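Listed in order, the protein sequences are those of chains A and B. Everything in the first sequence is counted per our numbering, starting at 6 for the first residue and increasing by one. Everything in the second sequence is counted per our numbering, starting at 3 for the first residue and increasing by one. All residues carry an ideal CB built from backbone N, CA and C; glycine is no exception. All values derive from a computational prediction rather than experimental measurement.
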Amino acid sequence: MRILLCEDEPVLCDQIKRLLAAEGRVVDVANDGQEACFLGLTEPYDMIILDLGLPILDGTSVLKEWRAKNIAVPVLILTARDAWSDRVDGLDAGADDYMTKPFHLPELAARVRATLRRQAGRTSPFFEKGGVLLDTRNARVTLNGVPVDLTALEIAVLSYLFHNSGRLISRTELSEHIYSHDSDRDSNTIAVFINRLRKKLGHDLIQTMRGRGYMILTD
Amino acid sequence: MRSLRRRAWVSGGLVSLIAVTTGVLLLYSFLESEALQRFDLSLRERHTQAVVALSRFADDPARIDEVLLDPEYDRPASGRYWQVVGPDGEIYASASLLEATLPLSNEAATDLAIHDAQGADGEPYRMAHQVITLEDGTRWEVAVAMALAGLELDRAEARRSLAVAFSLMVLVGLAGMVAQTAIMLRPIRLLRQDVAHRWEKGEVLDSSDYPEEVAPLVDDINYLLQRNLEIVRRSRQQAADLAHALKTPSAILRNEIMLLPDREQVAGRALDALDRLDAQLARSLARIRTSNTAEASNIRTDVTATVQRFSRMFSKLAANADKALTVEATPGLSLRADPQDFEEVLGNILDNALKWSRTRIVVTARNHARGIEILVQDDGPGIPEEERSAALVSGKRLDASVPGAGLGLAITAELLKAYGGMIELQRSEDLGGLAVLVIWPTAPTQLAG
């Protein structure tokens with residue numbers, strides 16, 4: 006799952022990025038409102054974390070711009086001040102949730118998981134199919150109760166397919182959601198990851214629709 | 003003397019007293035001398051009558067009383083007398099004198115002399131006395147007298163009339179003074195009303211609405227109001243800036259500790275210290291807020307609009323968590339408080355309800371005898387009765403299993419107290435969870451007083 010983090014405080018930014026990466030998320034970072042606005046409009050994110058106090062263009066304006074352009078990605082806003090008005094304005098402008106700084110990282114991680122789950126129309130933090138279990142809280146995967154060692158990108162592919170169970174996902178879409186903005190994307194490598202996942206988790210989990218993409222079937 | 007009204011009354015009363023007293027004294031002495039002059043004139047006329055009578059009956063003075071016809075001359079001790087002394091010393095007198103005689107002075111006066119005298123029985127009277135020389139060369143003494151009791155009667159009558167007239171004057175004067183004071187003080191009374199009224203509307207006072215003597219005061223009040231608000235706003239802003247400046251590094255430190263691979267062993271005390279730092283920060287910020295509520299009380303806050311705005315936001319958050327929030331707010335509710343303070347109270351209570359509710363939150367806002375009542379109910383676990391007061395005391399957090407600094411309700415309670423309001427935690431009759439009842443006075447002194 007690919008997340009846009011819009012935050013101008015570099016240390017906090019790095020910490021959130023490390024936290025989300027540890028849970029198998031791919032994170033792009035925007036340090037000012039202008040960059041945030043551009044990335045939000047041009048890249049297909051699964052979720053956006055937006056600080057309202059961004060330089061150049063404030064967070065509320067960025068959010069309004071996205072919503073005006075029909076970008077429907079779930080947005081979690083971060084506010085530093087105790088002013089409730091900021092939060093209300095943020096939610097009114099189209100945010101889905103808010104957190105006030107300082108926040109506890111585990112709480113942020115929990116909110117991100119909850120938001121992504123809601124997007125997938127689920128209430129449980131676990132995805133399970135044919136003996137394969139993905140715990141979104143720590144990005145751990147087990148096969149019939151035995152832990153399986155997966156790389157970050159393998160987890161990203163599996164997680165995206167699980168979150169979009171029942172939907173056909175093209176190689177391009179998959180690569181857009183597992184690679185960050187600044188990395189070299191190669192949709193041909195997707196086939197490699199799928200093969201590795203099949204070797205580690207069995208061949209029945211991920212279905213291939215030849216020439217069109219992949220999907221995990223819903224029960 | 004601190005009351006302008008009393009000052010006006012006392013000074014007006016003193017001036018009136020002096021004016022009335024002087025008037026009474028002057029008028030009284032004028033009337034006194036008038037009465038005496040009239041008395042003396044009457045005495046002269048009677049003396050002239052006696053002289054005319056004498057000139058007619060000089061050869062038979064015993065007949066003088068035939069022409070002096072006033073019946074009072076015949077009534078014994080009537081207070082009106084005449085007396086003629088012949089050249090040979092023989093005395094002819096009115097019957098009213100009985101056996102007595104008027105005490106004529108030894109020095110014969112050729113001009114008419116009028117003076118006070120006293121009768122043998124001590125009766126005071128006034129007497130006109132003259133020595134007359136007739137054509138035949140004989141010298142006669144002619145005297146008439148009138149008792150002063152009559153003059154005294156006249157004088158008493160004059161005094162009564164004066165007293166009635168001046169009492170009326172005093173009454174009219176006092177009523178006029180009270181009316182005048184009220185008219186003079188009206189702009190100040192209006193100013194008080196306007197200050198209260200316009201604060202509610204958040205407008206400045208227009209000095210052109212007032213008399214030119216009061217207008218500079220109105221300008222000064224405007225200036226002071228604005229300045230006070232500015233100072234409060236600035237100090238709150240500084241506090242918020244300071245909090246922000248401290249919160250970010252605190253968050254970074256906490257996160258860094260949380261990301262440590264073996265944090266269980268090393269981080270416990272550090273996280274405790276950070277918890278204390280954050281709590282202290284929140285408390286200090288709340289305290290700065292609560293110490294400035296008097297100045298903030300001059301701003302009008304639209305309660306209904308804020309409740310609806312917040313409900314919209316929390317409905318969205320509730321929907322995310324598969325919960326439902328319903329709101330019922332009487333239209334047009336407002337109170338005098340800093341909108342941010344009201345938002346802080348409402349936000350904290352709704353945040354708490356959202357955190358603990360299972361599926362439902364119900365918010366109602368309506369008028370209450372002592373101000374505005376806001377009731378937030380949820381269907382969560384509630385708080386046992388014995389723990390409710392602790393939940394409102396800063397620093398005592400009941401359950402650490404749900405995230406949050408645990409200060410929300412305590413800060414809310416402190417803010418409400420500063421505004422003279424109250425907060426009560428109850429068991430929700432309708433939903434079974436917690437019911438938070440807030441009563442916020444529409445005027446800041448309503449409950450505090």
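Once the 5 residues before and after residue i are set aside, which same chain residues still bring their CB inside 8 Å of it?
i	result
residue 181/A	7, 48, 49 and 190
residue 129/A	122
Answer with buried or exposed for residue i, where buried requires no fewer than 16 other C-beta atoms within 10 angstroms of its C-beta.
i	result
residue 172/A	exposed
residue 131/B	buried
residue 210/B	exposed
residue 347/B	buried
residue 126/A	exposed
residue 443/B	buried
residue 52/A	buried
residue 438/B	buried
residue 75/A	exposed
residue 249/B	buried
residue 225/B	exposed
residue 21/B	exposed
residue 497/B	Outside the shown range of chain B, which is 3 to 451, sits residue 497/B, and nothing can be said about it.
residue 350/B	buried
residue 325/B	buried
residue 361/B	exposed
residue 392/B	exposed
residue 198/A	buried
residue 401/B	Per-residue confidence for residue 401/B stands at a pLDDT of 47, beneath the threshold of 50, marking its modelled position as unreliable; the derived number appears in the next sentence. Exposed, since its Cβ has fewer than 16 Cβ neighbours within 10 Å.
residue 111/A	exposed
residue 15/A	exposed
residue 195/A	buried
residue 101/A	buried
Can the beta-carbon of residue i be found closer than 8 Å to that of residue j?
i	j	result
residue 417/B	residue 343/B	yes
residue 259/B	residue 269/B	yes
residue 83/B	residue 98/B	yes
residue 210/A	residue 106/A	no
residue 385/B	residue 327/B	no
residue 175/A	residue 218/A	yes
residue 1/B	residue 187/B	Residue numbering for chain B in the displayed model covers 3 to 451; residue 1/B lies beyond these limits and cannot be assessed.
residue 137/A	residue 146/A	yes
residue 336/B	residue 302/B	yes
residue 103/B	residue 95/B	yes
residue 157/A	residue 29/A	yes
residue 66/B	residue 53/B	no
residue 23/A	residue 261/B	yes
residue 19/A	residue 38/A	no
residue 358/B	residue 340/B	no
residue 273/B	residue 256/B	yes
I need the boundaries of the beta strand (DSSP E) containing residue i, first residue and last residue.
i	result
residue 218/A	218-220
residue 373/B	373-380
residue 139/A	137-140
residue 182/A	Taken as a continuous stretch (DSSP letters only), residue 182/A belongs to no beta strand (DSSP E), being part of the alpha helix (DSSP H) at 176-183.
residue 134/A	131-134
For residue i, which residues of its own chain have a beta-carbon under 6 Å away from its beta-carbon, when the five flanking residues on both sides are left out?
i	result
residue 94/A	65
residue 242/B	none
residue 205/A	153
residue 35/A	11, 41 and 44
So residue i is in the alpha helix (DSSP H); what residue range does that whole segment cover?
i	result
residue 118/B	Looking at the DSSP string, residue 118/B is not in any alpha helix (DSSP H); the run it does join, the beta strand (DSSP E), is 115-120.
residue 290/B	270-292
residue 315/B	305-322
residue 341/B	341-358
residue 152/A	Careful: residue 152/A lies outside any alpha helix (DSSP H), inside the beta strand (DSSP E) at 151-153.
residue 91/A	89-97
residue 220/B	217-260
Spatial neighbours of residue i within its chain, please: C-beta separation below 7 Å, excluding the five flanking residues on both sides.
i	result
residue 105/B	119
residue 69/B	55 and 58
residue 189/B	212, 213 and 216
residue 201/A	159
When you check each C-beta in the stretch 122-144 of chain A against every C-beta of chain B, which residues fall closer than 8 Å? 123 and 128
What are the residues in the stretch 249-263 of chain B lying within 8 Å of chain A by C-beta distance? 249, 250, 252, 253, 254, 256, 257, 258, 260 and 261
For the stretch 14-35 of chain A, which residues have a CB atom closer than 9 Å to at least one CB atom of chain B, in sequence order? 14, 16, 17, 20, 21, 23, 24 and 27
Along the stretch 318-350 of chain B, where does the CB come closer than 7 Å to a CB of chain A? Name the residues. 318, 319, 322, 342, 345, 346 and 349
So if I threshold CB-CB distances at 8 Å, which residues from the stretch 304-318 of chain B count as touching chain A? 311, 312, 314, 315 and 318
Output, in sequence order along the chain, the residues in the stretch 52-75 of chain A whose CB is closer than 8 Å to any CB in chain B. none
Near-chain B residues of the stretch 87-98 of chain A (beta-carbon distance less than 8 Å), N- to C-terminal order: 87, 88, 89, 90, 92, 93, 96 and 97
Mind checking the stretch 266-281 of chain B against chain A and listing, in chain order, the residues whose C-beta falls within less than 9 Å of any C-beta there? 276 and 280
Check distances from the C-beta atoms of the stretch 225-252 of chain B to those of chain A and list, in chain order, the residues that come in under 8 Å. 242, 245, 246, 249, 250 and 252
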